[in-house]
Amino acid sequence: MARMTSTQTETHSPLALPDQVATHDVTNQPPPLAPYDSSADAALLEGLRREGAGWAEDEIRRLGVRAGSAEAQEWGEQANRYEPVLRTHDRYGNRVDEVDFHPSWHHLMRTAVEAGLAGSPWADERPGAHVARTAGGLVWGHTEAGHGCPTSMTYAAVPALRAQPELAKVYEPLLTSREYEHGLRVPTEKAGLIAGMGMTEKQGGSDVRTNTTTATPTGEPGVYTLRGHKWFTSAPMSDVFLVLAQAPGGLSCFLVPRVLPDGSRNTFRIQRLKDKLGNRSNASSEPEFDRTVAWLVGPEGRGVKTIIEMVNCTRLDCVMSTATLMRKTLVEAGHHARHRGAFGARLLEQPLMRNVLADLALESEAATTLTMRLAGAADRAVRGDAGERAFRRIATAVGKYWVTKRGPAFTAEALECLGGNGYVEDSGMPRHYREAPLLSIWEGSGNVNALDVLRALGREPGSADALFGELALARGADARLDAAVTALRTELPEADQLSARRLVERMALALQASLLVRHAPHPVADAFCATRLAGDWGHSFGTLPRGTDLDAILDRALPDHG
Ligand SMILES: Cc1cc2nc3c(=O)[nH]c(=O)nc-3n(C[C@H](O)[C@H](O)[C@H](O)COP(=O)(O)OP(=O)(O)OC[C@H]3O[C@@H](n4cnc5c(N)ncnc54)[C@H](O)[C@@H]3O)c2cc1C
661 MARMTSTQTE THSPLALPDQ VATHDVTNQP PPLAPYDSSA DAALLEGLRR
711 EGAGWAEDEI RRLGVRAGSA EAQEWGEQAN RYEPVLRTHD RYGNRVDEVD
761 FHPSWHHLMR TAVEAGLAGS PWADERPGAH VARTAGGLVW GHTEAGHGCP
811 TSMTYAAVPA LRAQPELAKV YEPLLTSREY EHGLRVPTEK AGLIAGMGMT
861 EKQGGSDVRT NTTTATPTGE PGVYTLRGHK WFTSAPMSDV FLVLAQAPGG
911 LSCFLVPRVL PDGSRNTFRI QRLKDKLGNR SNASSEPEFD RTVAWLVGPE
961 GRGVKTIIEM VNCTRLDCVM STATLMRKTL VEAGHHARHR GAFGARLLEQ
1011 PLMRNVLADL ALESEAATTL TMRLAGAADR AVRGDAGERA FRRIATAVGK
1061 YWVTKRGPAF TAEALECLGG NGYVEDSGMP RHYREAPLLS IWEGSGNVNA
1111 LDVLRALGRE PGSADALFGE LALARGADAR LDAAVTALRT ELPEADQLSA
1161 RRLVERMALA LQASLLVRHA PHPVADAFCA TRLAGDWGHS FGTLPRGTDL
1211 DAILDRALPD HG
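Letter 500 of the sequence shown, counting from 1, is numbered 1160 in our numbering, and no numbers are missing.
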């Protein structure tokens, strides 16, 4: 081997590099986004006031600042990096079936429960309480999405549990508590409870009629024992679960506590946790039941009818969570584009990047505005407004179908705005992207929601009237919208399974357009109608037509977070 000369040694030694060629100058990279205010979102705050929860604005703003803090953003990152771990047995071989979480998970959960994002609206008499919760979810969700699963199920369990008033009397005050108390103890001795749900089995998720888990009456009124399995049951460290099982009178709904009133563990064998694409902070388990004590909720044989009360609420949360992912990734993309230069200008000044960001902003505002309208309908429906109940019945399924369907494409496009950085975990964008498809799978996958709209049209004609009544509020304001509504009416009588997606997509776009026409600034509504209704658009984001007022759209959507 040739010997190195002294000159070569000096040239290649890192210690010998002259200052002017230092390798690690960092230039043209954006500063960290945090701290920022996730409630700095005009569409959200206007929706909050419009839907009757303006009284919550200060609280929502405080939560937005908290969500965007470096600390809370770090919790979101850590809760997903250090995933939950299943412990099936203790050191002596006894089954324990516990799941350990990183402390950041508990920080997120505690803040969410204290902020009223779990069951507390059901105990709040103020009109708009459910709207305030949805707005809280939209701002707090900027931290991370996984813990939104147990808070959503806790919220949603309350109306289903009311089908059994004596159980509701005991458990509702705990499910609506603003205290987070983790750990398996006697539920009635805790300050607050978390609830989960077990419907899906190996042989069928959408079609729960195929459930094989059995419920055998014990002889004591309302008390049964369960035997069987569930294929998906998220948040297995919850205190109580609503579970479907086959009783003598047919498929029925049950409340299953993890710890029995005498302090002993109810049988809840967690076989394993799912190794998931995303949603990694949240544990999703496969539990098995064997002589598991369960209390009947609602009549025997009416399990689906009972638990659908829960699903109505979690479906709205799927729309809300997707709108949150859209807003979060848009804010990240806008921040990057504001600070990153390429080809002699900041990305935010490059015309084509402005087109992409403005197009994403339209989609995000449409999703947020629809979310807030659905939350307002839910709030008024639970207070007895029949018209809003009919609107909620159809519009929640329409929104769940369409908004969650747009999530993966949206988050992919926003991720791309960060270039290579967006593909790297540090940016958080891969986490948001991986979360998006889940929201269109659980709580009724795309087809199932589209078919549910057909069911509403067929069995509850009042829901179609409510939807068209809502669309009529924007009549005459935009000719493209008027034409879309007329076309929709024409298609309605021919609605069948084959064309369900096509119909529901058109319903969703008309509904979003009508809300924007009524409530958003003209440039936003105009661009939405031109592209989503009149077809002056391509097949990817960033194809808004010439003449679109990009400045107005971007100024509204992307406040400068510094
Ligand atoms: C991360 C995660 C967590 C979950 N947590 C829970 C939980 O906590 N509790 C719980 O009970 N479940 C949970 N689930 C299960 C989830 O709700 C189901 O996966 C979902 O409802 C779909 O059911 P399935 O997987 O059995 O699919 P299937 O029902 O087999 O559906 C497969 C596909 O067929 C479509 N399809 C079904 N019926 C029709 C039809 N008639 N016509 C046309 N297409 C149809 C569906 O839209 C879907 O695309 C979770 C799932 C995931 C991924």
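The beta carbon of each residue, even a glycine, is placed where N, CA and C say it ideally should be.
All figures in this text were calculated on a predicted structure; none of them were measured in a lab.
Three-way DSSP call (helix, strand, coil) for residue i in this model
{"i": "A1110", "result": "helix"}
{"i": "D1045", "result": "coil"}
{"i": "G1207", "result": "coil"}
{"i": "F897", "result": "One detail in the question is off: residue 897 reads as Met in this sequence, not Phe. Here M897 sits in coil by DSSP."}
{"i": "W715", "result": "helix"}
{"i": "I930", "result": "strand"}
{"i": "A778", "result": "coil"}
{"i": "P825", "result": "helix"}
{"i": "M859", "result": "coil"}
{"i": "E1151", "result": "helix"}
{"i": "D1220", "result": "coil"}
{"i": "E804", "result": "coil"}
{"i": "P690", "result": "coil"}
{"i": "T878", "result": "coil"}
{"i": "H842", "result": "coil"}
{"i": "T665", "result": "A caution first: T665 carries a pLDDT of 38, below 50, which makes its placement in the model too unreliable to give a value."}
{"i": "A1002", "result": "strand"}
{"i": "R1161", "result": "helix"}
{"i": "H1092", "result": "helix"}
{"i": "P674", "result": "Note on P674: pLDDT 44, under 50, position unreliable in the model; the coordinate value appears next. P674: helix per DSSP, three-state reduction."}
{"i": "D1215", "result": "helix"}
{"i": "G852", "result": "coil"}
{"i": "G1202", "result": "coil"}
{"i": "H684", "result": "coil"}
{"i": "G864", "result": "strand"}
beta-carbon residue i near ligand 1 non-hydrogen atom, thresh 7 angstroms
{"i": "N740", "result": "no"}
{"i": "E839", "result": "no"}
{"i": "F914", "result": "no"}
{"i": "G856", "result": "yes"}
{"i": "F949", "result": "no"}
{"i": "D606", "result": "Here the chain covers residues 661 to 1222 and nothing more, so residue 606 does not appear."}
{"i": "M859", "result": "yes"}
{"i": "F892", "result": "yes"}
{"i": "L1098", "result": "yes"}
{"i": "V686", "result": "no"}
{"i": "I968", "result": "no"}
{"i": "G910", "result": "no"}
{"i": "E1151", "result": "no"}
{"i": "I1101", "result": "yes"}
{"i": "S941", "result": "no"}
{"i": "K829", "result": "no"}
{"i": "V1108", "result": "yes"}
{"i": "D1159", "result": "One detail in the question is off: residue 1159 reads as Ser in this sequence, not Asp. Not under cutoff, so the answer is no."}
{"i": "G864", "result": "yes"}
{"i": "L844", "result": "no"}
Whole-angstrom C-beta distance between residue j and residue i, which should lie under 8 angstroms
{"i": "A1057", "j": "A1116", "result": "7 angstroms"}
{"i": "A694", "j": "Q733", "result": "5 angstroms"}
{"i": "V1063", "j": "A983", "result": "7 angstroms"}
{"i": "A1212", "j": "R1161", "result": "No, A1212 and R1161 are not in contact; Cβ-Cβ is about 33 angstroms, not under 8 angstroms."}
{"i": "F1070", "j": "E1023", "result": "6 angstroms"}
{"i": "T1029", "j": "H1179", "result": "6 angstroms"}
First and last residue of the uninterrupted beta strand (DSSP E) at residue i
{"i": "A905", "result": "V900 to A907"}
{"i": "W955", "result": "S944 to V957"}
{"i": "F914", "result": "G910 to P917"}
{"i": "L886", "result": "V883 to H889"}
{"i": "D757", "result": "R755 to D760"}
Alpha helix (DSSP H) segment containing residue i, residue limits
{"i": "G1129", "result": "P1121 to A1132"}
{"i": "P744", "result": "No alpha helix (DSSP H) holds P744; DSSP gives it neither H nor E."}
{"i": "L708", "result": "A702 to R710"}
{"i": "S1183", "result": "Residue 1183 is actually Pro in this sequence, not Ser. Start and end: H1182 to F1188."}
Ligand 3 heavy atom lying under 7 angstroms from the CB of residue i
{"i": "S1024", "result": "In the structure shown, ligand 3 is absent; the only ligands present are ligand 1."}
Does the contact criterion of 3 or more C-beta pairs under 8 angstroms hold for the segment 964-971 versus the segment 903-918? yes
Under 8 angstroms, with one C-beta from each stretch per pair, do the segment 833-847 and the segment 814-822 reach the 3-pair mark? yes
Pairs of beta-carbons, one from the segment 762-775 and one from the segment 735-747, closer than 8 angstroms: are there three or more? yes
Would you check if there are 3 or more beta carbon pairs closer than 8 angstroms linking the segment 1088-1100 to the segment 930-939? yes
For the 8 angstroms Cβ check, are there 3 or more pairs between the segment 944-958 and the segment 913-926? yes
Counting pairs of beta carbons, one from the segment 1008-1023 and one from the segment 1046-1057, are three or more of them closer than 8 angstroms? no
Should the segment 866-879 be called in touch with the segment 892-902, which here means at least 3 C-beta pairs below 8 angstroms? no
Below 8 angstroms, can you find three or more Cβ-Cβ pairs linking the segment 776-785 to the segment 701-709? no
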